[in-house]
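**Student:** Under my numbering, the first residue of the sequence shown carries the number 85, and numbering increases by one thereafter. The C-beta atom is built at its ideal place from N, Cα and C for all residues, glycine as well.
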Amino acid sequence: MEINGHEAIRRMEDISKLPNGSFNISFYPCSLTKGEASAELRIYTGCRTRLPLPQDKWEIDSDNYFLFEDSVGNPKTCYKVLIRFVAFSSDNFKLLKLIWT
Numbered sequence: 085m086e087i088n089g090h091e092a093i094r095r096m097e098d099i100s101k102l103p104n105g106s107f108n109i110s111f112y113p114c115s116l117t118k119g120e121a122s123a124e125l126r127i128y129t130g131c132r133t134r135l136p137l138p139q140d141k142w143e144i145d146s147d148n149y150f151l152f153e154d155s156v157g158n159p160k161t162c163y164k165v166l167i168r169f170v171a172f173s174s175d176n177f178k179l180l181k182l183i184w185t
């Protein structure tokens, strides 16, 4: 199954508003200092979206980033377009491939 990337972002934000809502996310990490994306897919489970923290600073437009926290509450950030898969608690964590158009 597939989902539009923008729709997936909206659903992740919506499900995070629910008391027990969470999502799993898979993406390729990228380092601006190295100028490259990793070839290793990173997977986080039990995630929720988050607001920007005071120490969050970006060299490019913040709209390019997706902010979330992992299952233990650690703040995480990734480039939206590098997100490849998502699964929502409301769908019994059925894996969906993101399509960016």
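With distances taken between CB atoms, is the gap from Ala171 to Leu182 smaller than 7 Å?
**Tutor:** Not in contact: Ala171 and Leu182 (Cβ atoms no closer than 7 Å).
**Student:** Report the option in Val165, Leu125, Asn148, Thr133 whose CA atom is closest to the CA atom of Asn88.
**Tutor:** With distances taken between Cα atoms, Asn88 lies closest to Val165.
**Student:** Evaluate the contact criterion for the region 117 to 126 versus the region 148 to 155: three or more CB pairs, one atom per stretch, below 8 Å.
**Tutor:** These segments do not touch.
**Student:** If we ignore side chains and look at the alpha-carbon of each, how far apart do Phe169 and Tyr163 end up?
**Tutor:** Distance between the alpha carbons of Phe169 and Tyr163: 13 Å.
**Student:** Which residue or residues does DSSP assign as beta-bridge partners of Tyr128?
**Tutor:** DSSP output for Tyr128 lists Ile109 as bridge partner(s).
**Student:** Compute the Euclidean distance between the alpha carbons of Ile99 and Phe107, then round it to the nearest angstrom.
**Tutor:** Looking at the two C-alpha atoms, the distance is approximately 8 Å.
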